[in-house]
Amino acid sequence: KMPAFQLTGVGAYLSAGSAGAKLFVSDPHAGVVYVYDNSDANRLQSQPLLKFAAPGCGPIAAAKDGSAWVVQHGDNSRPSCVSHYSAAGDLLSRISGLSDPSAVAINPANGQLLVADAGASEQVKIFDINGPPKQIDSLGVPGGIYNTAAPGAVSVTTFHLINCVGSDTAGNLYVSCNCRGSCVVYS
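Sequential numbering of the sequence shown, starting at 11, is according to the working numbering.
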């Protein structure tokens, strides 16, 4: 089958909400998030509805309400964070205090935000996002593989270089780390 739509010259981070919602495309090279109408393929083939600046943008997760959560990698002028933007590009809130956010997802079973922190904590941090974001839990041993009785030992609770996090409607969490080349599922 031929693709109905092809984006060219854009970064690799995409996230779509439910049918009729928006498709968010994060372009890390330009530091811009594009918003497309994904209600049908013809509309997707047109120009984006809008674009907004999101310096250091990376992985992105679309929420049911039409907003998006965007990992923003830091530099010498700003720390790394996860920012919450409306579909119009307005900054709604920001989660700071993350050393190296590497992935973001929304758990469809409960609406919680999952943030993979591949920095010093080497954990998946779980946030309640009903209202201002509030961390309510974490997954993994703080410090990952370097904070165990046998430093460097890999286990299902010690992470290193988390590169992907996700969830399904049953509430299972999926965590992938570069060091293992595998995915661990938590029920």
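Think of the CB as a built atom: it goes at the ideal place given N, C-alpha and C, for glycine as much as any other residue.
Point to revise | Buried versus exposed call for V81 [16 or more other C-beta atoms within 10 Å across all chains shown] | key: buried
Review point. With a Cβ-Cβ cutoff of 7 Å, do V43 and F62 count as a contact?
Key: yes
**Study point:** C-alpha distance - Y46 paired with L60, whole-angstrom precision
**Key:** 7 Å
Check your understanding: Is it the case that the Cβ atoms of I155 and A126 are separated by a distance below 7 Å?
Key -> no
Exercise for review: Assign G68 to buried or exposed, taking buried as 16 or more other Cβ atoms, counted over all protein chains shown, within 10 Å of its Cβ.
Suggested key: buried
Exercise for review: Figure out for me which residue from L123, S109 and P38 has the closest Cα to the Cα of S77.
Suggested key: L123
Exercise for review: Report the residue from P142, F169 and K144 whose alpha carbon sits nearest the alpha carbon of G150.
Suggested key: F169
Review point. Which residues share a DSSP beta bridge with T168?
Key: S165
Check your understanding: Around the C-beta of H94, are 16 or more other C-beta atoms found within 10 angstroms, so that it is buried, or is it exposed?
Key -> buried
Review point. If you draw a straight line from the alpha carbon of S109 to that of G129, how long is it in whole angstroms?
Key: 5 Å
Check your understanding: Can you tell me whether S87 is buried or exposed, with buried defined as 16 or more other CB within 10 angstroms of its CB?
Key -> exposed
**Study point:** Proximity of P216 and S103 at Cβ, strictly below 7 Å
**Key:** The shown model of the chain, from 11 to 197, leaves out residue 216, and the question about it has no answer.
Exercise for review: Look up I139 in the DSSP assignment and say whether it is helix, strand or coil.
Suggested key: coil
Practice item. Under 8 Å by Cβ, that's how I've got N117 and G181 pegged, so tell me the actual separation to the nearest angstrom. Key: 7 Å
Review point. Going straight from the alpha carbon of K11 to that of S197, what length do you get?
Key: Residue placement at K11 is poorly supported in this model, since its pLDDT is 42, which falls under 50; the coordinates still yield a value, given next. Taking the straight line from one Cα to the other gives about 36 Å.
Review point. So who's on the other strand from V151, going by DSSP bridges?
Key: DSSP lists no partner for V151.
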